[in-house]
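Here the structure comes first, spelled out in structure tokens, and everything after it is commentary.
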Amino acid sequence: MAAPTNRAAWLTKAGTPLEVSDAPMPTAGPGQIVVKNAAIAINPLDWHMRDRGDFVQQWPAIVGCDVAGKVHETGPDVGRFKKGDRVIGHAINLVTGRPQDGAFALYTVLQADKAAILPDKVSFTDGVVLPIAIETAVCVLSLKVPGEVMPGVATPALGMPYPSLEEPVPSVNKTLVVYGGSSSVGSMTTQLATAAGINVISIAGAHNFDLSKRSGATEVINYKDATFVDKVVEAVRRTGHEFVGIFDAISIPETYANDLAILAQLGGGHLVCSHPPPSDVPVNVKPGMIFAVNDIATPVWKDYVTSALQTGKLQCLPPPTIVGNGLEYIQEALDKLKAGVSATKLVVTLQ
Ligand SMILES: NC(=O)c1ccc[n+]([C@@H]2O[C@H](COP(=O)([O-])OP(=O)(O)OC[C@H]3O[C@@H](n4cnc5c(N)ncnc54)[C@H](OP(=O)(O)O)[C@@H]3O)[C@@H](O)[C@H]2O)c1
Numbered sequence: 001m002a003a004p005t006n007r008a009a010w011l012t013k014a015g016t017p018l019e020v021s022d023a024p025m026p027t028a029g030p031g032q033i034v035v036k037n038a039a040i041a042i043n044p045l046d047w048h049m050r051d052r053g054d055f056v057q058q059w060p061a062i063v064g065c066d067v068a069g070k071v072h073e074t075g076p077d078v079g080r081f082k083k084g085d086r087v088i089g090h091a092i093n094l095v096t097g098r099p100q101d102g103a104f105a106l107y108t109v110l111q112a113d114k115a116a117i118l119p120d121k122v123s124f125t126d127g128v129v130l131p132i133a134i135e136t137a138v139c140v141l142s143l144k145v146p147g148e149v150m151p152g153v154a155t156p157a158l159g160m161p162y163p164s165l166e167e168p169v170p171s172v173n174k175t176l177v178v179y180g181g182s183s184s185v186g187s188m189t190t191q192l193a194t195a196a197g198i199n200v201i202s203i204a205g206a207h208n209f210d211l212s213k214r215s216g217a218t219e220v221i222n223y224k225d226a227t228f229v230d231k232v233v234e235a236v237r238r239t240g241h242e243f244v245g246i247f248d249a250i251s252i253p254e255t256y257a258n259d260l261a262i263l264a265q266l267g268g269g270h271l272v273c274s275h276p277p278p279s280d281v282p283v284n285v286k287p288g289m290i291f292a293v294n295d296i297a298t299p300v301w302k303d304y305v306t307s308a309l310q311t312g313k314l315q316c317l318p319p320p321t322i323v324g325n326g327l328e329y330i331q332e333a334l335d336k337l338k339a340g341v342s343a344t345k346l347v348v349t350l351q
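Heads up: the sequence shown at position 298 corresponds to 298 in full-length UniProt numbering, and the numbers run straight through without jumps.
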């Protein structure tokens, strides 16, 4: 049998389309696996990297964060996986800068600690919606001590428990507001918070109430309702729980203004942002920005993801929309995501 060969959708220069061509065949170093990708998912970060070169450390680059496929090779000390295992994982080219660590290729290197076995009953196209969203949600919820994501900008430190396989999970009597509950990271944060016993009140469009409820939100408030800020405040008060704060998955000036209005009425709290937080906040507001590559997620990858998928406790939400089959479709998928999606994750299959 001929030796396998690799191809990738290369980013050769900021602001130019991806170019599909040959790529070196990656090998697995210590603590790593090589995955033959069956599906990859598209994230907003990817088109930021394509259009502006944000975070690109090495040109030409292979970017992309989410993969699902079969293990092709394991590194010398990797015991959790073997060749042929079905897996999902979070590719971290963002941090390493190495092309072989980008998802937009036929073969990708993953850190074994950022991967999990995908149960047979879950398809690659469903499973691939999960990886970066999982790591983001754990970074929103479970960091205990603030770090620094960029000069002067702290990471959040909510110190919440990890998600539990227990069913039902006991309440910790805390309520978190998730703003943008239909987004990929908002929906996953809702799922993992709920699985940690935290009550979630979600802010989402009326057309996406069902998704937010399926993710675990106990109440969903429509962000297009003129009085939604007051409705969120009333909903939090009704719980009688300790109010933790807001995860603003959208993090734009309009949402920040609403966040601060909610926090002002509820006596302050955490304001966890997916982008740099607003600079002028009252002293009772603790702003933070997530950076979704962090070893804090390792126990979730190792002990939670596979079992929770097996039992159905972890759901593949938002559902995928398949853009096409082949690396050539990644460019189109990036354009579609940049134009905006509603309650779905764009996926390209590679089979
Ligand atoms: N810092 C990090 O480490 C990190 C990690 C991951 C993601 N991010 C960032 O997090 C953001 C979300 O990423 P994602 O992949 O989750 O996005 P996404 O799934 O593509 O977000 C789309 C969803 O956002 C909703 N939405 C848009 N504007 C809204 C608003 N004003 N209020 C409420 N909902 C709104 C849309 O709902 P409608 O249908 O109602 O329009 C849609 O369902 C991106 O900016 C991404 O770059 C940051």
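C-beta atoms are modelled at their ideal positions from N, C-alpha and C, and glycine is treated no differently.
In this structure, the straight-line span from the alpha carbon of residue 310 to that of residue 279 is close to 43 angstroms. In the same chain as residue 223, and ignoring 5 residues on each side of it, the C-beta atoms closer than 7 angstroms to its own belong to 203, 204, 205, in chain order. Nearest to residue 148 by alpha-carbon distance, out of 73, 263, 288, is 288. Counting along the chain, the unbroken alpha helix (DSSP H) around residue 136 starts and ends at 131-142. Setting aside the 5 residues that flank it on each side, residue 216 is surrounded in the same chain by 190, 191, 193, 194, 195, 200, each with a C-beta closer than 8 angstroms to its C-beta; the list follows chain order. One alpha carbon belongs to residue 275, the other to residue 163, and they sit about 24 angstroms apart.
Straight through space, the alpha carbons of residue 48 and residue 7 are spaced by roughly 22 angstroms. Remark: the shortest separation between the CB of residue 205 and any heavy atom of ligand 1 falls under 8 angstroms. Short note on residue 43: C-beta closer than 8 angstroms to some heavy atom of ligand 1.
Within its own chain, the residues whose Cβ lies closer than 6 angstroms to the Cβ of residue 176, once the five positions on either side in sequence are excluded, are 193, 198, 200, 244, listed in chain order. Within the segment 223-268, complete alpha helix (DSSP H) segments of at least 4 residues are found at 228-239, 253-265, given in chain order. Annotation for residue 291 indicates a beta carbon within 8 angstroms of some heavy atom of ligand 1.
Between the C-alpha atoms of residue 28 and residue 56 there is a straight-line separation of about 22 angstroms.
The secondary-structure analysis by DSSP pairs residue 116 across a beta bridge with 88. A heavy atom of ligand 1 is found nearer than 8 angstroms to the CB of residue 337. Taking C-alpha positions only, residue 210 is separated from residue 319 by approximately 12 angstroms.
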